[in-house]
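Novice:
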Amino acid sequence: RMAAVLVEFEVLYHQGWTQAVEKAITGLKSSLLVEHPGTKKLYVNMDPQVWELLRETRIMLLMDLEVPDAAKSLRVNLYTMKHNWTRLETILSDYDGLIERIPKIFLRAMGPIIARVDAAIKPGKSIM
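Here the sequence shown is numbered in the working numbering, starting from -8 and rising by one per residue.
Here's what the structure looks like:
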């Protein structure tokens, strides 16, 4: 009897997980960068649930359970995603640091250069 309950739980959990995969994949279609409304600081828009989904996908595959194709393809791109996420985090951190180090008296003169960098970043703030 206990084994039947556990199997039923596993089946229900797996079904729920499969549905959660679809929601997480949909979330990846949002903007790559988000701007904090108060500080205007940019952040990489990567939901921590995506990393959790990728870990769970690995485990589900090891258990020979059915995994949605979307999760499999995401898993294939795991290294690239982590690498790009890390690079973007570093670039944004470096950019913030550079802007903060510009003396106030030079901000006006640097305005056109900062505007060009902001224009280059702008496509990352739009929906993918």
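Cβ atoms here follow ideal geometry from the backbone N, Cα and C, with glycine treated the same way.
All values reported here derive from a predicted model rather than from experimental measurement.
#1: What did DSSP end up calling V35 once you bin it into helix, strand or coil?
#2: Between which two residues does the beta strand (DSSP E) carrying L24 extend?
#3: Measure the C-alpha to C-alpha separation of P28 and F0 and round it to an integer number of angstroms.
#4: For R46, which three-state DSSP category applies?
#5: Assuming Y34 contacts V41 under a Cβ cut-off of 8 angstroms, what Cβ separation, rounded to an integer in Å, is found between them?
#6: Would you kindly work out how many angstroms separate the C-alpha atoms of H74 and A15, rounded to a whole number?
#7: Write down the C-beta distance between E47 and W76 rounded to the nearest angstrom, noting that I regard them as a contact closer than 8 angstroms.
#8: Is it right to say M54 is buried, meaning 16 or more other beta carbons lie within 10 angstroms of its own, or is it exposed?
#9: Using the Cα positions of K113 and L65, report the straight-line distance between them to the nearest angstrom.
#10: Quick one: is A62 buried, meaning 16 or more other Cβ sit within 10 Å of its Cβ, or exposed?
#11: Between the alpha carbons of R58 and A100, how many angstroms are there, rounded?
Specialist: If we stick to the structure as given:
#1: Three-state result, V35: strand.
#2: The continuous beta strand (DSSP E) containing L24 extends over residues 24 to 26.
#3: The alpha-carbon atoms of P28 and F0 are separated by roughly 42 angstroms.
#4: Of the three classes helix, strand and coil, the one that applies to R46 here is helix, per DSSP.
#5: The beta-carbon separation of Y34 and V41, rounded to 15 angstroms, does not stay under the 8 angstroms limit for a contact.
#6: Using only the alpha carbons, I get a separation of about 19 angstroms.
#7: Cβ atoms of E47 and W76 stay farther apart than 8 angstroms, at about 18 angstroms.
#8: With fewer than 16 other CB atoms across the displayed protein chains lying within 10 angstroms of its CB, M54 is exposed.
#9: Answer to the nearest angstrom: the Cα atoms are 25 angstroms apart.
#10: The residue in question, A62, is buried, as its Cβ has 16 or more Cβ neighbours within 10 Å.
#11: Checking the displayed sequence, the identity of residue 58 turns out to be Val instead of Arg. Spanning the two alpha carbons is a distance of roughly 55 angstroms.
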